[in-house]
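One gets the numbering used here by counting positions in the sequence shown from 1 and adding 112 to each.
Note that CB positions come from ideal geometry on N, CA and C, so glycine has one too.
Note that the coordinates shown come from a computational prediction; the quantities given were computed from them, not determined experimentally.
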Amino acid sequence: MPLRTRLTLMTTGLLAIGLIVVSFVVTSLLYSHMMGQIDSQLRTTAVAIGSQGLAQIREGGTSSTTFPSNYYVKAEYFDPSRNGEWISADTAAVYGRPQVKGLDYQRALAHTAKGDYPITTVNSDQPGHQWRMITLLIKDQNTGQYTGAVALALPLSDVMETVERTRLVVALADVSIISVGAVFATYLVHRSFRSLRQIEGVAGRIAHGDLSARILVTEPRTTEVGSLQRAINAMLAQNETSFAAQVVAQERMTRFVSDASHELRTPLAAIRGYGELYRMGGVPANKTGEVMGRIETESNRMGRLVDDLLQLARIDEGREMSMEPVNLTDLAAGALSDMMVLAPERDCGLIPLDPRDEAAGMEAPSLQVIGDRDRLSQILTNLLGNVVRHTPSGTPVEIAIGMAPPRTNPTAQPVVVVEVRDHGHGVPPEAAEKVFQRFYRSDTSRNRETGGSGLGLAIVLGIVAAHKGTVQMLQTPGGGATVHIELPPAPAW
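Here you go:
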């Protein structure tokens, strides 16, 4: 049975039980109240009879005590000749007579000793009617001795009719209230479960692969359902993001493994080929040195590729870096000095980022960031190494350093900007976004020996991202490529 059906039935059942209990209590109180009124009338009349006696009634006369027309009076004396019974003809015709065979003298005597009168309910000789009867002792006014007992009774038909009518009215009212309550409970449960049915529908859509499905928030945050809706939406958004990231990571890993296998296959094939050729005696004596040199070259290239792969894996793992204040200007100057040793034919320079400062002959400003010195140094080493490999000999290179707003938000606070500029052939615009991908080579005509592993810029991107920075490939004015790096400045101490 559905939960909403059970809740509706439970609510209606509790309402019905409550109404039945209340109705029973109300009718019981009404019955007790009306019986109390009858008993009070009987006691009042019994007191009057006990003080004035029944002589005039027995003789057919009138008394100062006025008996209601629906009273039944029966007297039993120790002298049976004095016994009598009084009831109006109309009362007897409607209610009949109480079925009283003999009065309980001993019981009346016991109650009289306690200052009370015994009251009982007796059946009528006419079916469907009952009488309420009180019994009291008759005392002789002259001698003060008890001479008999008298029973005084009133019909209960009016009381029972009133109680039954009340029960019927209450029962009809209960049925009406329960019916209205059931309809109202059905509506409330249906309305309350509307949000849960929506959640159920969204869960079904997600089960069929629609991870973008969300719950329409219809309830306030302060309600349980509203809080649940928001919590589920937050969970779904996180799951979708995690799943998308997992898919991207899986695709990247698949592509990475494929590219790495492809990159490693070439040097391994070369090493294996030269080794088999040498083993089979196919290498002339005068070519042995050249073959061994080729094997060594391919081994070194494969070692560099493995080192780069290992470094990328460490970056992807997010290993903790040794963060400290680092002077980027000093790092850039050191990297340029190393390059001048390796490529003395190139014109290298460290310049300010702002062309006006450069035109004024100013030096590059001294700027600091919080980062890992070794990894920041590797950024510059990789970029300058790319310049050496991919630009003609003698091509000048500059490193520009300065403060400027981010390129994506010119109104934001300035950041530290480092640009490595060359004046070679540049990078085609369609390749500017791809050069930071792993194993990407913008020049397809360049062989692997001169083109490197294709991981240098990917390592640069990983290190910059680990420092909460950004990197872009731009065009150098006048021709060439510029790698634009933005890093958060070190806080002022």
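Euclidean distance between Cα positions of residue i and residue j
| i | j | result |
| --- | --- | --- |
| valine 369 | glutamine 549 | 14 Å |
| glycine 196 | valine 138 | 40 Å |
| glycine 538 | valine 547 | 12 Å |
| lysine 186 | valine 282 | 38 Å |
| isoleucine 513 | aspartate 469 | 11 Å |
| valine 292 | valine 133 | 18 Å |
| serine 324 | methionine 365 | 24 Å |
| alanine 263 | glutamate 276 | 27 Å |
| methionine 585 | isoleucine 383 | 36 Å |
| leucine 127 | lysine 251 | 57 Å |
| tryptophan 243 | proline 114 | 54 Å |
| alanine 543 | threonine 588 | 15 Å |
| threonine 124 | valine 360 | 54 Å |
| glycine 473 | glutamate 432 | 40 Å |
| alanine 577 | serine 354 | 19 Å |
| valine 395 | valine 403 | 8 Å |
| serine 181 | alanine 204 | 10 Å |
| glycine 401 | methionine 414 | 20 Å |
| alanine 476 | tyrosine 552 | 32 Å |
| valine 159 | proline 210 | 21 Å |
Three-way DSSP call (helix, strand, coil) for residue i in this model
| i | result |
| --- | --- |
| asparagine 351 | helix |
| isoleucine 677 | Look at the range of the chain in this structure, 113 to 605, and you will see that residue 677 is not part of it. |
| leucine 523 | As written in the sequence, residue 523 is threonine, which differs from the leucine given in the question. If DSSP states are grouped into helix, strand and coil, threonine 523 belongs with coil. |
| asparagine 439 | strand |
| glutamine 587 | strand |
| arginine 333 | coil |
| glutamine 242 | strand |
| proline 379 | helix |
| glutamate 561 | Below a pLDDT of 50, predicted positions are generally treated as unreliable, and glutamate 561, at 48, falls in that range; no measurement from the model is reported. |
| glycine 538 | coil |
| glutamate 598 | strand |
| serine 200 | coil |
| methionine 515 | strand |
| tyrosine 184 | strand |
| tyrosine 229 | coil |
| valine 234 | strand |
| proline 603 | coil |
| valine 547 | coil |
| valine 314 | helix |
Local Cβ density within 10 Å of residue i, reported as buried at 16 or more and exposed below that
| i | result |
| --- | --- |
| glycine 321 | exposed |
| alanine 260 | Here the sequence assigns glycine to residue 260, which means alanine is not the residue at that position. It counts as buried. |
| asparagine 412 | exposed |
| glycine 173 | Note that glycine 173 scores 38 on pLDDT, short of 50, meaning its location in the model is unreliable; the coordinates nonetheless yield the value given after this. With fewer than 16 other Cβ atoms within 10 Å, it is exposed. |
| histidine 579 | buried |
| threonine 420 | Reading the sequence as shown, one finds aspartate at residue 420 and not threonine. That one is buried. |
| glutamate 188 | buried |
| tyrosine 299 | exposed |
| isoleucine 129 | exposed |
| proline 379 | buried |
| threonine 156 | exposed |
| isoleucine 169 | In this predicted model, isoleucine 169 has a pLDDT of only 45, less than 50, meaning its place in the structure is not dependable; the value taken from the coordinates is given anyway. Isoleucine 169 is buried by the Cβ-count criterion. |
| valine 530 | buried |
Whole-angstrom C-beta distance between residue j and residue i, which should lie under 8 Å
| i | j | result |
| --- | --- | --- |
| valine 499 | aspartate 534 | 5 Å |
| threonine 602 | glutamine 525 | Just to set this straight, residue 602 is alanine in the shown sequence, not threonine. In fact, because the Cβ distance is near 13 Å, the residues do not count as touching under 8 Å. |
| phenylalanine 305 | arginine 116 | 5 Å |
| leucine 215 | threonine 255 | Not quite, the Cβ-Cβ distance comes to about 21 Å (not below 8 Å), so this is no contact. |
| leucine 131 | isoleucine 289 | 6 Å |
| methionine 146 | threonine 274 | 6 Å |
| leucine 488 | valine 532 | With a Cβ gap of about 13 Å, leucine 488 and valine 532 do not count as contacting. |
Residue i at chain D interface by Cβ criterion, 7 Å
| i | result |
| --- | --- |
| glutamine 341 | Given the protein chain composition of this structure (a single chain), no chain D is represented. |
Q.
Restricting to runs no shorter than 3 residues, where is the beta strand (DSSP E) found entirely within the stretch 458–491?
A. DSSP runs (the beta strand (DSSP E)) wholly in the stretch 458–491: 460–464 and 480–483.
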